[in-house]
Each structure stands twice: as structure tokens, then as C-alpha cells.
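Okay, structure first, notes after.
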Amino acid sequence: MKAVVLAAGEGTRLRPLTVSRPKVMLRVGDRPILQYAIDALREVGVRDIIIVVGYQKERIQTFFEDGERFGVNISYVAQRKQLGTGHALLCAREHLDSDFLVVPGDNILDGAMIAQLLDHRSEVTVLATESAQPRKYGVLELDGDRVVRIIEKPPRRISNLISTGIYYFEHRFLELLEREVGAGRFELSLAVQTAIDEGFKVRGQLTKGLWLDVVFPWDLLSLNSRVLTDGPSRQAGTVESGVTLVGPVSIGEGSVLRSGTYIKGPVSIGAGCEIGPNVVVYPTTSIGDNVTISPFSEVRNSLVMDNVSIGGHSYISHSIIDEGTTIQSHFVTAAEPKLLLIENELIQIDKIGTIVGESTEIGHRVVVDAGRTIGAYCRVEAGVRIIKDVPDSARVV
Amino acid sequence: MCGIVGYTGNRQALGLLVEGLKRLEYRGYDSAGVVVIGGDGLNLQKAKGMISELEKRLQPAEGTTGLAHTRWATHGRPSDENAHPFLDCTGRMAMVHNGIIENFQELRERLVAKGHRFTSDTDTETIVHLIESHYKGDLVAAVRKACKELRGTYAIAVLHADHPGTLVAARFENPLVVGVSAEGEALLASDVTPLLPYTNDFTFLEDGDVVELKGGAFRITDLAGKRVERPTHHVDWSVEDAQKGGFEHFMLKEIFEQPHAILQSMMGRISDEALEAIAPKNVDKVKIVACGTSYHASLIGKYALEAIAGLDTTVEMSSEYRYSNLARESALVIAVTQSGETIDTISALREAKRRGTRTVAISNVVGSTITREAHDTIYTRAGPEIGVAATKTFTTQLVALYLLAFALGRRQGSLGAEELRRLREELRKLPAKVQQVLNSHEAIKAAAARLKDVRDVYFIGRNINYPAALEGALKLKEISYIHAEGYPAGELKHGPIALLDARTPVVAIVVDDAVRSKMISNIGEVSARDAPVYAVGYEDDLELAKVVDVLLPIPRTDPLFSPVVAVVALQLLAYYVALMRGCSIDKPRNLAKSVTVE
Chain A
13 MKAVVLAAGE
23 GTRLRPLTVS
33 RPKVMLRVGD
43 RPILQYAIDA
53 LREVGVRDII
63 IVVGYQKERI
73 QTFFEDGERF
83 GVNISYVAQR
93 KQLGTGHALL
103 CAREHLDSDF
113 LVVPGDNILD
123 GAMIAQLLDH
133 RSEVTVLATE
143 SAQPRKYGVL
153 ELDGDRVVRI
163 IEKPPRRISN
173 LISTGIYYFE
183 HRFLELLERE
193 VGAGRFELSL
203 AVQTAIDEGF
213 KVRGQLTKGL
223 WLDVVFPWDL
233 LSLNSRVLTD
243 GPSRQAGTVE
253 SGVTLVGPVS
263 IGEGSVLRSG
273 TYIKGPVSIG
283 AGCEIGPNVV
293 VYPTTSIGDN
303 VTISPFSEVR
313 NSLVMDNVSI
323 GGHSYISHSI
333 IDEGTTIQSH
343 FVTAAEPKLL
353 LIENELIQID
363 KIGTIVGEST
373 EIGHRVVVDA
383 GRTIGAYCRV
393 EAGVRIIKDV
403 PDSARVV
Chain B
341 MCGIVGYTGN
351 RQALGLLVEG
361 LKRLEYRGYD
371 SAGVVVIGGD
381 GLNLQKAKGM
391 ISELEKRLQP
401 AEGTTGLAHT
411 RWATHGRPSD
421 ENAHPFLDCT
431 GRMAMVHNGI
441 IENFQELRER
451 LVAKGHRFTS
461 DTDTETIVHL
471 IESHYKGDLV
481 AAVRKACKEL
491 RGTYAIAVLH
501 ADHPGTLVAA
511 RFENPLVVGV
521 SAEGEALLAS
531 DVTPLLPYTN
541 DFTFLEDGDV
551 VELKGGAFRI
561 TDLAGKRVER
571 PTHHVDWSVE
581 DAQKGGFEHF
591 MLKEIFEQPH
601 AILQSMMGRI
611 SDEALEAIAP
621 KNVDKVKIVA
631 CGTSYHASLI
641 GKYALEAIAG
651 LDTTVEMSSE
661 YRYSNLARES
671 ALVIAVTQSG
681 ETIDTISALR
691 EAKRRGTRTV
701 AISNVVGSTI
711 TREAHDTIYT
721 RAGPEIGVAA
731 TKTFTTQLVA
741 LYLLAFALGR
751 RQGSLGAEEL
761 RRLREELRKL
771 PAKVQQVLNS
781 HEAIKAAAAR
791 LKDVRDVYFI
801 GRNINYPAAL
811 EGALKLKEIS
821 YIHAEGYPAG
831 ELKHGPIALL
841 DARTPVVAIV
851 VDDAVRSKMI
861 SNIGEVSARD
871 APVYAVGYED
881 DLELAKVVDV
891 LLPIPRTDPL
901 FSPVVAVVAL
911 QLLAYYVALM
921 RGCSIDKPRN
931 LAKSVTVE
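Top line first, the protein sequences correspond to chains A and B. Note that my numbering has the first sequence beginning at 13, numbered continuously upward. Note that my numbering has the second sequence beginning at 341, numbered continuously upward.
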């Protein structure tokens, strides 16, 4: 059976982390989000995968190539304009000659869920899960295991069951989908509702498997800590004497941990890094490739991406530092619980530091207030305190 | 250059050989052929043109041992007759060859006098008749005797209907690699790519080696018949590395792979200890030898070595190096070649060693000839590059040269620890900056649309971006066939400016360095002749934007590293121009990926 993986969207709510990569290529644990879907499909023997790409498609294609490294065969289909998930699926139509699966590329999911879906096939089957915030998703109304209604982002609470976006479809569904998309109804859930109305047997299968969604940047931190906890600990590189490693710590090839450094896992450190002397890293932190962290700095519960350099005496907590950003000494992120107003909705976050976009340069002695974002390609001069969000390409003096 | 593939095992060879040839297609060729040993003698098929041409005409043939070849013409035009494999007079022995035989006229006359019948004008055919003349039932012995009489360069592979299940091959100055699969198949090829589906462990033959492949194993002997052992190299590439992954062309894929490749090339190498490990001692002068794109990388390396390490550095085309007569003019020779098989560069390296000079190779291929001969090697780790136009191997060569400059700078004491820290941080940002250039590919595409119908383009730059201009011109001419020349901007008024008019655009590389104001006045000279000016420059350079027609934006970096980002923009420009002109981008006419003949 073939599977269509939807990976064309940017994920605008994750900006600035998506200025040069699609949401699906953000890393959680030791791999990009999209790889969770690919790995799950391979685990249950689905090898022929069509990825619908769009925004920054080259990032996906150069990473997954033809899939051989991941044990699958991947073909790519481009969705030129990101109109909606139904339209995205239709882009893959020429590759589909029989029944197929649809899997979102931007969720963390596991093979057991796909296996469950394959065991409960109907004319259309949708995997459902319970959510604390159903209003953000396609909500399902079930009668037994029959789906009665699917409503995208309902204003009022109907049920706690939402669609995971993971579907099994009989091939003939595509004809219906084509009509829907032709009529300007681009979302897949709309076509599924039409299928219900036209008498398709649409089954809703509740799953207890691991299904996680990333909506905002700080979701990456909580997902990362969930995923890293049971990650493997693999140690390559050089660990100088006087370094203390506690709990699962994985270290990539060519990395050097200098004397006096204390690392408490779960922590994952990529290849070619130089950390220390006297650096402290606390759970749950992921550090990418080719990163340096200078003496007397502390990093906790953070994501540090490739090619980042962090100056000495810095304190980075509950934060995300994107690729190629360089930070001089005495950089402090204040991490506090925060109530943020986003899209006219108040969101309570347990603890949040800062998000810094890619290729930004931060001078000495910069302090960032909790919950503030610094965009990509910025320059922040020495001694500044950041109290407001900084847009991309800004210069802060 | 020519490509060889040989297979002996338990499966039908014909299809496997053609698949293998396709993996060598990137080397460039103008005809192709294949031979298998069948139940009733040899089945030989060959055709001028693309491998697809051969495939179209291919008749099914039984046989589990065979050879295949792609030919890049040196002696004799591309044609069906001149394509390899060649047969001997009996039609029971077939052979393929890479390289050039220098004494073939003399051998040929002798063989014709003895009654051998020739069917082509090639030097290759001489070899098969020569082996035939020595053949008394022992194929290996016959090949060995023939090799002793040959002068020139070769990698040859032979099979004989009397020995089904056996291949014999020999090498002198042309690459040949052998490997065996877990299923008991033995293979040989010009480089590792056709063998990747079978194994990741390879043995590279050395000059004077003769190898016999039989029964899922191989045995190497020297020309005297003595057994020799060659090490096995593990090459970490996968088959999928050589596939297109949804990109329209390998070249585009390889351009987009650059952020990752550049990261790989510096990974684990920029710490103080790592730099110290690669720094050669007692160097007072440096010479870099290279050809083609690698030569342009070397020119940039020269500026970097002079600026960072304070070392007097010269760059020489490999093919000219040996004609310089000074016995020992430099303390260090750096040989730069992507494939590690470029014969001119290998010869220059050998000459340097003969003169007693220390040598460092910069290469992309683990275990390649140059890496076995140089004292030290820095691998560029770019992964396989299939597009004939070099892209990611160029930018990673630059990283290797920068690292060497850092290392030598520290060793010489001319690079302070604080300055190194600053440069290192800047270098670390390069992958993300290259990504930024890639992000603006739509803007570059728009510029390409305006350039696509011109006849000539001049590229200008100064200082470290002068070689970047040369590389920009090379990329454009090699894939789009538009006439393009790179010039130092200051040279323009000493001649080429006479050629400028409204139909001859100029591409200028302008960054924020000491020569910026000079570049701006050169642009003024160009504009005064009505020539449209395209500039590769910093995205926030408003002054520059005002004086040029089109600005291809690149992000700010240290001027020393600016050629990396500038060249990526020029690669995309060349790619899109060629695409709009409908050119054969991955396999431009007359060009070969790795030039293994002189």
C-alpha cells in the first residue's frame, strides 16, 4: 500500500524558526518531525511513500532524497500554492492506483497507530485521538465507530475527539475529492464530511498511541523533552578528564567536552561540538552539530541548533537558538511562566525563555525578557535588554 | 572520461552492466558498449550516443560474466566502430580501455605485419590484438606480457570465451577499483559508484597491478607475476546518494546540498587541536596545483593563505607545473582534485615529491590515487557529485583551504588566537548564509530570465573575488554554452572594455572590503558603455543597488569567505540560464567529470 505524507506547509505560527525551512524539518529529539512519519510507515511495512512538498521543498528533498537511507521509496509531488490539505492530497493523485493512507508530516506519531488504522479499514477510516484543546482541530462526532460529523475548528465544544489527520481511503474517494477541490473546498475534512453525506462508510478509530502536535515554537521544547527521555545514549567524541556525565547523554563524533563540564541527561549533543571548559547542561537539552559553548555557561531545557556559538558566562533556559546564530558572552534568557496573547487567545505557558531565529548576531551582555522572540538575521548590539519581540533582519541598538 | 564496468557472478550480467554504466554516465561520454560471455561465444553490442541509445537497440543475451564501457573520444571520432569493447581476430576475446596508448602506431604496424586485422582507428584496438598475440591459454599471463609492452596510460579489462566466469584487468595511471558482494559476485569499475549497490568496501588498484576476478573473489599480482596485497577502503556513500531525490537535475540537488556539505567539511576540524593536527611544519612558501574548477578554488585559497597565514603562495595549472624548472621552489605543494584521479594533478604531485617537497592533497574521494600518494590528505566530505559542473565540491574545497590557512596561520604565528576565534565563528555561519542565498533562488531565476538570450557575458571581481568571477564565468559557459569570461575588474580597461555594448552584460561581485570603491568605479566605466550590470552584492548595500541594473543579494560575511556565498549565487544563475535555454545540464557536451587523460 502507498502512503501520501503531507509536508507542503510552512507552519507560520512557528516563525522565525521557519524562515528557511518548513515546519516538518524542525528537529525534535534526534530527527526532523517528518522522519517520525516516515519511520512509522516503514515499521508497518509501508514502503512506497509520496511526499507532497511545497514551502522550502528543497530542504526536505536534500534530506530524505529517494528514501533509501530510511528504508523506503520516496517520490515527491509539489503543491505550488498551499491551499489546503485536500488540495495537497489531490496533487499526489497520479501516483495512486489503489487504496492508500494519508499521514500528516508535521505530527509526531508512531508505527503502532498506523498498524491500528490498517487493522480497522472501512471505505474511509480516520484515526481519532482525545485532545484537551479540541477547538484547534477537526472535531469528530461518533456514533459507535461511525463518524457522523467532522467539523473543522468548531467555535463551541462538541466533543474531545479530534482527527489526527491520519486516514485510510479507498481509491474511489479521489473522485469525490476532485469535485470538492474543484468547487473550492480545499480542506480534506470538508471532503470527508461530503463523503459521510454521500453515504460512504466512514469509520472513526480511537487511538491511544503517541500523537503530538507542534503549533508554537515552545511546543518543540515540551515535545523534545518527551522524546529525548527514552532516547538512546551513544557516546563518540572526546570527553576530557574532569567531565561529569549523569544520566543518558549522547555525544556525536568529533565533539570535545572540556574539563570541568557537568552534563545531566537526558541531553543530546551533535557532532563536531566544542563544549567547555566548565559548562553546565541540564535536562532536557538538544544541541545540534558544530556548536560551541564557552566556559561558565549554563544551558537547560533548550534546543540549540547547528552551527551556533554561545559565549561564556551565559544562561540559556527554556529557549530555542536557531542555526548559525552567534552569541557573545553574558547572554541571559529570563525564563518565567507567561500568559501570552496569540490570535486573540490567551495561552498560559508553564515556563518560557526566548526564541532566537537563524543567523542572528547577539553582542555581549544582552538580556532577554521571558517569552520574547528575536527574529532571524538580526543584529543585537552589546548591553541591550530585549523587552519586545524583535522582527526578522532588525538591528537593535 | 571513459568508464569501465565489469561483472562476474551468478546473475544475468547484461542488465546489471547497463545499470552500472548509467551510474558512470556523469563522467561524460559519446558512445557505449557491452559484451557478455554466452553459451556459444561472445555477445557484443555497441552504439554511438547516449546509453539510452544502446539500451533501445539492446538484444537480450545470456551470460553471467561481462564488461561494459562508455567512451570519451581521444583517438578516432565517436562512432559505432570506435566504441568499446573491441574483439581480437578470433572474436573470442573482448577488451575495454581507458586512457591513451602512446606507442600504438608502432605496435599496430607490427601486429598488422603479423596478420592481425583491425576494424577501427583507435589506440585501444591495438591492445586487444597485442594480448591475443601473447595468449597461449593463460589470460592473466597474456595481459601481463602485453602491459609490459604498452607505453602510455591505461585501465584495461579483458574477458575470453575460453574462461567463462573470469575477468582480467590492469591499471597504469588510470583509476580502477574492484569489490566483491556478499552474494559472491566480483566487480570492477572506474570508480566506486557502479559498485555501491553491491558493496561499500573497495580495493583500488595501483600502477602495474593486474587483477583476476573469479568465483566471487579477486587476486592481484604485479607485472612480474608476484602476488600483492592492496588495502580495502570503506566508502561511506550509499546508492541513494547518487539519485536525484525529486530534483530536476543533479546539479540543482548538489547546489541545494551545499549548506549540509559545508557543515560536513568543517565538522570536528575547527578546534585548536584539530587545526594543529593538519598543520604542516616548516613552511615558508606554498604552491597549489589544480585544474578547472579546482584551480579556481585554489586561486581563492591563495588569497586566504596569504591573508590568514602570511605565506607567499602561488597557484599553477597542474599541466604546467612540471615545466617549471626550479628544483625545489616551495616548502609545501597542495594538490586539489575532486576525484583524486585527475591525471595532470597526480603527475604534478609526483613531480613535487620527486623534488623532495612535502605534499597535501585536497580531495573528495576516500582512497583515490592522489590520497594514496600525497603525504597528507584533507577530505572535502561533499558526498558524490554527479553533475558534471562542480558545485558542492568547489565550496567544500574552499572550506578545506580555509582550514589549512587557519592551521598554517597558527603554526606560523601570524594568526592570533582572538582573530582565529573571530574567523572561526564567521566560518561556522557559512552553512546558514549559503542557505540564505538558496532561499533567494526566485530572485536569481528572474535575473537569469533577463540573461538567457545574450551572446557574451563578462564577470568581474577584485582581490579574493576575482577567482569567484572566473568560476562564475566557467559555470555559465560550461552548462549554458554562452560565451563567458572572467576578468580582474582592473584589467577591464586594458582591453575587454572594447567589447562592451548594450547587448553585453557584465556581472560584478562587490562586497564590503578594501576594494569596494574601486569596484563601484569599474561598474561606472561599464555602465558608461551602456552594458547592463548585474551585481552579486550584500542585500543591504543600497549604494550598490543604485548603480546596477540587477542586484543578486547575498548575506554579509567576512570578505575572506565572501567567495563562498557569491559563487553559490552564480551557480544558481548559471543553472537557471541553462535551464531556460534547454541545455543538457548534468551532461554538457564534450565535457567529462574527471579528466583522467593528459
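Quick reminder that beta carbons are idealized off the backbone N, C-alpha and C, glycines included.
Is there a Cβ from chain B that is less than 7 Å from the Cβ of Gln91 of chain A? No, Gln91 of chain A lies away from the interface with chain B (no Cβ there is under 7 Å from its Cβ).
Asn313 of chain A touches chain B at which residues, Cβ-Cβ below 7 Å? Neighbours of Asn313 of chain A on chain B: none; closest Cβ ~24 Å, over 7 Å.
Enumerate, from N- to C-terminal direction, the unbroken beta strand (DSSP E) stretches of 3 or more residues contained entirely within the segment 557-611 of chain B. Within the segment 557-611 of chain B, the complete beta strand (DSSP E) runs of at least 3 residues fall at 557-561, 572-574.
Beta-carbon within less than 7 Å of Asp581 of chain B's beta-carbon, same chain only, minus the 5 sequence neighbours each way: which residues are those? A caution first: Asp581 of chain B carries a pLDDT of 49, below 50, which makes its placement in the model too unreliable to give a value.
Taking the alpha carbon of Ile86 of chain A as the point to measure from, which residue in A:Glu190, A:Asp51, A:Lys276 has its own alpha carbon closest? Looking at the Cα atoms, A:Asp51 is the closest of the given residues.
Alpha carbon to alpha carbon, what distance is there between Gln399 of chain B and Gly41 of chain A? About 53 Å.
Residues of the segment 19-51 of chain A with a CB closer than 7 Å to any CB of chain B: list them in chain order, please. Residues of the segment 19-51 of chain A whose Cβ lies closer than 7 Å to any Cβ of chain B, in chain order: Ser32.
Counting only the same chain and skipping the five closest in sequence on each side, list residues whose C-beta sits under 6 Å from that of Val568 of chain B. These residues qualify, in order along the chain: Ile560, Asp562.
Short CB-CB distance (under 7 Å) between Glu580 of chain B and chain A: With a pLDDT of 48 at Glu580 of chain B, under the threshold of 50, the modelled position of that residue is not reliable, and the figure given next carries that caveat. Output row for Glu580 of chain B: interface = yes.
Contact check, Cys285 of chain A vs Val311 of chain A, beta carbons under 7 Å: One thing to note: Cys285 of chain A has its Cβ no nearer than 7 Å to the Cβ of Val311 of chain A.
As assigned by DSSP and simplified to three states, the class of Gln775 of chain B: The answer is helix: DSSP assigns Gln775 of chain B an H, G or I state.
Nearest chain A C-beta to Asn779 of chain B closer than 7 Å, yes or no? True, the Cβ-Cβ gap to chain A drops below 7 Å.
Based on DSSP bridge pairs, tell me the residues matched to Ser87 of chain A. According to DSSP, Ser87 of chain A shares a beta bridge with A:Ile62.
Taking all protein chains shown into account, decide if Glu597 of chain B is buried (16 or more other Cβ within 10 angstroms of its Cβ) or exposed. Buried, since its Cβ has 16 or more Cβ neighbours within 10 Å.
Cutoff 7 Å: Val268 of chain A Cβ touching any chain B Cβ: Among the CB atoms of chain B, one or more fall inside 7 Å of the CB of Val268 of chain A.
Using Cβ-Cβ distances below 9 Å, what residues of the segment 445-457 of chain B are close to chain A? Considering only beta carbons, no part of the segment 445-457 of chain B lies closer than 9 Å to chain A.
If we cut at 7 Å on Cβ distances, does Gly723 of chain B have a partner in chain A? Not one chain A Cβ lies under 7 Å of Gly723 of chain B.
Less than 7 Å between the beta carbons of Gly346 of chain B and Ile377 of chain B, yes or no? With respect to Ile377 of chain B, Gly346 of chain B sits apart: the two C-beta atoms are not nearer than 7 Å.
Beta bridge counterpart(s) of Leu553 of chain B as assigned by DSSP: Beta-bridge partners assigned by DSSP to Leu553 of chain B: B:Leu507, B:Phe558.
What residues in its chain sit with their C-beta under 6 Å from that of Leu882 of chain B, if we drop five residues either side in the sequence? So no residue of the chain qualifies.
Report the residues of the segment 298-331 of chain A with a CB closer than 7 Å to any CB of chain E, ordered along the chain. Of the protein chains in the structure, A and B, none is chain E.
Proximity winner among B:Ala413, B:Leu763, B:Arg511, B:Thr506, relative to Ala495 of chain B (alpha-carbon distances): The shortest C-alpha separation from Ala495 of chain B is found at B:Arg511.
Is Leu814 of chain B helix, strand or coil when you go by DSSP? Helix at Leu814 of chain B.
Among all the DSSP beta bridges, which residues are the ones paired with Lys350 of chain A? Under DSSP, Lys350 of chain A shares a beta bridge with A:Ile361.
Could you tell me the distance, in whole angstroms, from the CA atom of Glu766 of chain B to the CA atom of Ser861 of chain B? Distance between the alpha carbons of Glu766 of chain B and Ser861 of chain B is about 29 Å.
What residues in its chain sit with their C-beta under 8 Å from that of His600 of chain B, if we drop five residues either side in the sequence? Result list for His600 of chain B: Pro771, in chain order.
Contact criterion: CB-CB distance below 7 Å. Does Gly150 of chain A meet it with respect to chain B? No, Gly150 of chain A does not count as interfacial toward chain B.
Of all Cβ atoms in chain B, is any one closer than 7 Å to the Cβ of Ala100 of chain A? Judged by the 7 Å Cβ criterion, Ala100 of chain A is not in contact with chain B.
Give a yes or no on contact between the segment 346-363 of chain B and the segment 534-546 of chain B, applying the rule of three or more CB pairs nearer than 8 Å. Touching, per the Cβ criterion.
Would you say Thr74 of chain A lies against chain B (beta-carbon separation less than 7 Å)? Chain B, which has a Cβ nearer than 7 Å to the Cβ of Thr74 of chain A, makes this yes.
Let me see if you follow: with CB-CB separation under 7 Å, is Pro893 of chain B close to chain A or not? For Pro893 of chain B, the answer is no, since every Cβ of chain A falls outside 7 Å of its Cβ.
Beta-carbon proximity list for His183 of chain A, same chain, < 8 Å, skipping 5 on both sides: These residues qualify, in order along the chain: Leu108, Asp109, Ser110, Asp111, Phe112.
Please identify the residue among B:Ala745, B:Thr653, B:Val629, B:Phe587 whose C-alpha is closest to the C-alpha of Glu660 of chain B. Ranked by Cα distance from Glu660 of chain B, the first of B:Ala745, B:Thr653, B:Val629, B:Phe587 is B:Val629.
Any beta carbon from chain A within less than 7 Å of Met607 of chain B's own beta carbon? Interface residue, yes.
Identify the residues that DSSP records as bridge partners of His781 of chain B: which are they? Under DSSP, His781 of chain B shares a beta bridge with no residue.
Looking only at its chain, what residues have a beta carbon closer than 6 Å to the beta carbon of Gly373 of chain B, apart from the 5 residues adjacent to it on each side? Spatial neighbours of Gly373 of chain B in its own chain (CB-CB distance under 6 Å, excluding positions within 5 residues in sequence) are listed in chain order as Lys386, His409, Ala423, His424, Pro425.
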